[in-house]
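Protein chains in written order, with the working numbering: chain G, 1 to 63; chain F, 1 to 454.
All C-beta atoms, glycine included, are put in the ideal place defined by N, C-alpha and C.
What follows is one structure encoded as structure tokens, with my remarks underneath.
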């Protein structure tokens, strides 16, 4: 079911003050965290690539 | 149907008491959101996961003009507040809030507020009790409760982690969240090096201060950004570890000079006394790590274990959580300064002893600390215990006991009235002595008292 929600009601129900800069700070935080996750994932991929290679070599030499 | 003193902020509805049970009124203005919560599957999902308190609609109860629904939530036997929680309790409450927020997004709703009072511990786990906390989610909107979440959860947690474990007590002074400027001013430099602390506390505080007078420019948020923000907060809080500091009461029972025979004798005697009375709620004052509270674990009794030592309460909470003990509720409480009534007109949040109504109180190895270390007189203690519960099990520790000798080692003995007979006479003023037995292994006596009728 769809509801029509006028802007005034939307603000009325959001009864706490999010702060005048809430949107700006959340844009910055989400952007920064996104970048952190991106580089972390990248780093794990690189690391796992090399550790895999290493493991492969190790298991090959063992066999 | 008069709203509770704490239920005035949200125009969506309010809480009220009816025949000694709590109910929630849903106002007409919130009906679309309430119907979406119930019909979208979000309510079912959250209650199934134990993240939101379940309720039933009560169509037969009379309603005020603007009220469209009356809900009867599951009744929570004990209301506690964040300034009484240990680190892990506050951490789990924060994670519960974020899980609610994340689940809500996937059902097209958002969590519109995130304060600590909306979370309560029920059967050992944190649960969101404010059913009306959900609003429609619009992808272009940021999280309206972000600042509130940071001030109510992130600020106390980082202060407990980086400064001192007792700093959630600041929530007594700032019940609506510790201002980020205050939090920032107390944090050490190393906290700033953590990317999450830097973003959520330092940067947010700076941006808030700088842009409070600047004109607001309309910006557009995205769902991806919202999920990054919530998941980022979740992993940051989940991986937090409390500051390591040791207190006097750490490993009390392991390192203490008290003998194992004494402990065994005391456990047997406490159980014997408790078997003589009928009770459903027990308050263990000075519970330490819950040695005696845990005698009744996984029974139908409700056990409230309080101690002023945050390490003991943390350990007890972790023990209960790990072993899935749902009937023992640990809380931090300093008897010298029990939680006060706070909020608007001092009516929003009750004092500890107004919220807790036990049938029996345990006060084991406690009286000498109150009398000798804090100069509280025996009549004052008797009077407090008399106001708490009908039955009291109290251990009197004599001056000959090594623990009392330790307390008196560096101070003058000004406690002439502190002796067994004096205690007995004072107790008889307000209680009947049902049982009394001295330990064979220590200079201590255990009493079972029953309140005299006024």
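Secondary structure at residue 52(G), three-state DSSP: helix, strand or coil?
-> helix
Endpoints, beta strand (DSSP E) assigned at residue 23(F) = 21-27
Specify the secondary structure class of residue 109(F) as computed by DSSP and reduced to three states.
-> strand
Could you please give the first and the last residue of the uninterrupted beta strand (DSSP E) stretch that includes residue 449(F)?
-> 444-451
Report the residue ranges of all beta strand (DSSP E) runs contained in full by the region 341-423 of chain F; include only those spanning at least 3 residues, in chain order.
-> 360-363, 391-397
For the region 13-33 of chain G, which residues have a beta carbon sitting closer than 9 Å to at least one beta carbon of chain F?
-> 13, 14, 15, 16, 17, 18, 19, 20, 21, 22, 23, 24, 25, 26, 27, 28, 29, 30, 31, 32, 33
Specify, as a first and last residue, the run of the beta strand (DSSP E) that residue 57(F) falls within.
-> 55-57
Using a beta-carbon distance below 9 Å, is residue 39(G) in contact with chain F?
-> no
Check the C-beta distance from residue 102(F) over to residue 230(F) and give it rounded, since I have them as a contact under 8 Å.
-> 5 Å
Under a three-way DSSP split, which group does residue 186(F) fall into?
-> helix
Which residues, in order along the region 126-148 of chain F, keep a beta-carbon less than 7 Å from a beta-carbon of chain G?
-> 135, 136, 142, 143, 144, 145, 146, 147, 148
Have a look at 336(F), 278(F), 378(F) and flag the residue whose alpha-carbon is nearest the alpha-carbon of residue 419(F).
-> 378(F)
Examine chain G for any beta-carbon lying closer than 9 Å to the beta-carbon of residue 451(F), and answer yes or no.
-> no
Skipping 5 residues on each side, what residues in its chain have a beta carbon closer than 7 Å to that of residue 280(F)?
-> 301, 302, 359
When the Cα atoms are used, what is the spatial distance from residue 21(G) to residue 238(F)?
-> 27 Å
Residue 221(F) touches chain G at which residues, Cβ-Cβ below 9 Å?
-> 23, 26, 27, 30
Coarse secondary structure for residue 18(F), derived from DSSP in three states = strand
Simplified DSSP assignment, three categories, for residue 128(F) | strand
Apart from the five residues just before and just after residue 135(F), which ones in its own chain have a Cβ nearer than 6 Å to its Cβ?
-> 33, 110, 112
Where residue 44(F) sits in the DSSP three-state scheme | helix
Would the beta-carbon of residue 86(F) fall within 9 Å of that of residue 314(F)?
-> yes
Can you say whether residue 259(F) is buried or exposed, counting buried as having 16 or more other CB atoms within 10 angstroms of its CB?
-> exposed
Length of the line joining the Cα atoms of residue 363(F) and residue 202(F) = 44 Å
Take the Cβ of residue 225(F) as the centre, count every other Cβ of all protein chains shown within 10 Å, and call the residue buried at 16 or more, exposed below.
-> buried
Can you list, in chain order, the residues of its chain whose CB lies under 6 Å from that of residue 108(F), leaving out five sequence neighbours each side?
-> 137
Along chain G, which residues have their Cβ under 8 Å away from the Cβ of residue 207(F)?
-> 21, 24, 25, 28
Residue ranges of each beta strand (DSSP E) run of no fewer than 3 residues wholly in the region 55-109 of chain F, ordered along the chain?
-> 55-57, 67-73
As assigned by DSSP and simplified to three states, the class of residue 279(F) = coil
Compare the C-beta of residue 187(F) with all C-beta atoms of chain G and state if any pair is closer than 9 Å.
-> no
For residue 119(F), name the three-state secondary structure that DSSP assigns.
-> strand
Taking the alpha carbon of residue 306(F) as the point to measure from, which residue in 321(F), 299(F), 283(F) has its own alpha carbon closest?
-> 283(F)
Starting from residue 195(F), find everything on chain G with Cβ-Cβ shorter than 9 Å and list it in chain order.
-> 32, 33, 36
Got a sec? Which residues, its chain only, sit under 6 Å from residue 76(F) by beta carbon, not counting five neighbours each side?
-> 120, 122
Kindly list the residues whose CB is nearer than 6 Å to the CB of residue 181(F), restricted to its own chain and excluding five residues on each side of it in sequence; keep chain order.
-> 205
With residue 314(F) as the anchor, note down where its alpha helix (DSSP H) starts and where it stops.
-> 310-322
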